[in-house]
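For the sequence shown, the residue numbers in the working numbering are 1 to 339.
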Amino acid sequence: MPAPTFDSLSAFRALLDALPAPDAEALKAASARNGMLTKPPGALGRLEELAIWVAGWQGREKPVLERPQVLIFAGNHGIAARGVSAFPAEVTVQMVANFRAGGAAINQLAKCFGATMAVHALELDRPTADFTQQPAMSEAEAVAALRTGWDAVDPAADLVVVGEMGIANTTAAAAIAAALFGGAAEDWVGRGTGVDNHGLKRKAQVVTEGLARHTGLLGDPLQVLRCLGGREIAAMSGAMARARAERIPVVLDGFIACAAAAVLHRAAPGALDHAVAGHQSAEGAHGRLLAALGKEPLLALGLRLGEGSGAALAIGVLKGAVACHSGMATFAEAGVSEG
Ligand SMILES: Cc1cc2ncn([C@H]3O[C@H](COP(=O)(O)O)[C@@H](O)[C@H]3O)c2cc1C
Ligand SMILES: O=C(O)c1cccnc1
Numbered sequence: 001m002p003a004p005t006f007d008s009l010s011a012f013r014a015l016l017d018a019l020p021a022p023d024a025e026a027l028k029a030a031s032a033r034n035g036m037l038t039k040p041p042g043a044l045g046r047l048e049e050l051a052i053w054v055a056g057w058q059g060r061e062k063p064v065l066e067r068p069q070v071l072i073f074a075g076n077h078g079i080a081a082r083g084v085s086a087f088p089a090e091v092t093v094q095m096v097a098n099f100r101a102g103g104a105a106i107n108q109l110a111k112c113f114g115a116t117m118a119v120h121a122l123e124l125d126r127p128t129a130d131f132t133q134q135p136a137m138s139e140a141e142a143v144a145a146l147r148t149g150w151d152a153v154d155p156a157a158d159l160v161v162v163g164e165m166g167i168a169n170t171t172a173a174a175a176i177a178a179a180l181f182g183g184a185a186e187d188w189v190g191r192g193t194g195v196d197n198h199g200l201k202r203k204a205q206v207v208t209e210g211l212a213r214h215t216g217l218l219g220d221p222l223q224v225l226r227c228l229g230g231r232e233i234a235a236m237s238g239a240m241a242r243a244r245a246e247r248i249p250v251v252l253d254g255f256i257a258c259a260a261a262a263v264l265h266r267a268a269p270g271a272l273d274h275a276v277a278g279h280q281s282a283e284g285a286h287g288r289l290l291a292a293l294g295k296e297p298l299l300a301l302g303l304r305l306g307e308g309s310g311a312a313l314a315i316g317v318l319k320g321a322v323a324c325h326s327g328m329a330t331f332a333e334a335g336v337s338e339g
């Protein structure tokens with residue numbers, strides 16, 4: 001069956017209301033298998049629940065992780081002109097060239113964990129509007145960006161990692177988080193690429209202005225995405241939703257990726273049941289955002305890069321979980337006495 005598609009935000013919302021659940025039979029079978037493997041019950045800790053979770057989404061008792069896909073989306077932001085990043089906006093397009101040449105951190109991590117990697121640059125020569133002045137995107141622009149993400153997912157992948165590149169996007173992500181979960185701008189802004197205290201104040205000011213500009217629309221998570229987000233952020237939301245429609249598990253990356261995920265979470269409760277938090281980044285409010293999503297990170301290594309880097313590292317943890325679950329012998333097979 002061809003994947004459903006959408007040409008408006010309301011059609012996208014309808015898809016979110018009809019997302020599939022994990023396979024109950026596979027969950028039951030994997031859970032039973034986990035209880036028979038040659039280890040004391042629970043001895044593999046969180047790896048056990050991770051393997052069962054992957055089994056449920058993949059619809060098989062013995063899941064596999066052989067075709068992880070890393071998707072990187074890049075976009076430029078009108079608010080970059082407001083001095084909210086330690087780096088100039090041209091770094092976005094320069095890093096896209098670096099991704100394509102294989103020179104970025106994510107290239108190495110994707111290679112390490114056997115993932116394919118695709119880079120989608122979204123109209124980099126046309127930054128989104130400054131959201132303190134007007135909505136970052138028109139409805140048509142937001143839909144086009146969501147579609148880029150939706151269409152980028154390989155239905156044959158067995159795990160999806162979604163990452164981003166977009167100078168100033170920690171400010172857009174902070175604005176989204178504040179709009180979705182409340183609190184002051186100061187609670188959600190962080191140092192991003194390394195802004196000083198003045199930069200941090202500017203970020204809070206820009207977020208405060210953005211929230212005030214769009215108050216009337218912020219009750220609707222998809223309008224939050226359109227008014228305060230960016231093309232790469234919308235593309236990430238679209239990719240995560242498509243992965244769910246295909247029942248492919250997703251690993252969440254850092255603060256920006258989690259802001260994209262949070263839009264889905266607020267638009268349709270349970271929309272992130274197929275997603276695990278790969279890591280907690282060093283961005284100040286990432287812990288708060290993960291808590292709001294109810295997600296416990298697998299790793300916390302002090303990364304503050306984005307690009308899907310922390311999520312790509314977590315592929316290793318998931319591969320370990322799946323390898324043990326699907327490859328270990330049962331007590332009966334190995335002739336080991338049970339306790
Ligand atoms: C060379 C370079 C590579 C990056 N790779 C990811 N980011 C990260 O930094 C940006 C967000 O931080 P801010 O909001 O402070 O601009 C995003 O592009 C994010 O992916 C990078 C940033 C730089 C400078
Ligand atoms: O949390 C992240 O992913 C992050 C933090 C700082 C800069 N870029 C990304």
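Here a beta-carbon is modelled for each residue, glycine too, at the ideal position from N, C-alpha and C. Note that the structure is a prediction, hence the values are computed from the model and not measured.
- In chain order, Gly78 and Ile79 place their CB closer than 6 Å to the CB of Asp130, counting only its own chain and leaving out the 5 sequence neighbours on each side.
- Shown in chain order are the residues whose CB sits closer than 5 Å to a heavy atom of ligand 2: Gly192, Gly254, Phe255, Ser281, Glu283, Arg304 and Gly306.
- Checking the DSSP bridge columns, you'll see Ala275 partnered with Val250.
- Secondary-structure assignment with DSSP links Phe73 through a beta bridge to His120 and Glu164.
- When secondary structure is reduced to three states using DSSP, Leu301 falls in the coil class, being assigned neither helix nor strand.
- The three-state secondary structure of Thr148, taken from DSSP, is helix.
- Not a single heavy atom of ligand 1 lies less than 7 Å from the C-beta of Thr128.
- Secondary structure note for Asp187: its alpha helix (DSSP H) is the uninterrupted segment Ala185 to Trp188.
- For Pro155, the secondary structure class from DSSP, reduced to helix, strand or coil, is coil.
- Taking every protein chain shown into account, the CB of Met240 has 16 or more other CB atoms within 10 angstroms, so this residue is buried.
- Leu217 and Gly229 have their C-alpha atoms some 13 Å from each other.
- Of the candidates Phe255, Gly339 and Val276, the residue whose Cα lies closest to the Cα of Val54 is Val276.
- Checking the DSSP bridge columns, you'll see Pro2 has no partner listed.
- Between ligand 1 and Met117, a heavy atom-to-CB distance of less than 7 Å is absent.
- Contact holds between the segment 147 to 157 and the segment 59 to 77, because three or more Cβ pairs, one in each stretch, are under 8 Å apart.
- Gly302 is classed as exposed because its beta carbon has fewer than 16 other beta carbons within 10 Å across all chains shown.
- With respect to Thr92, Asn107 sits apart: the two C-beta atoms are not nearer than 8 Å.
- Within the segment 24 to 102, the runs of beta strand (DSSP E) at least 3 residues long that lie entirely inside it are, in chain order, 68 to 74.
- Sequence-distant partners of Val336 (beyond 5 residues in either direction) whose C-beta falls short of 6 Å from its own C-beta, in its chain, are Thr38.
- For Gly238 and Leu298, the gap between their C-alpha atoms comes out near 23 Å.
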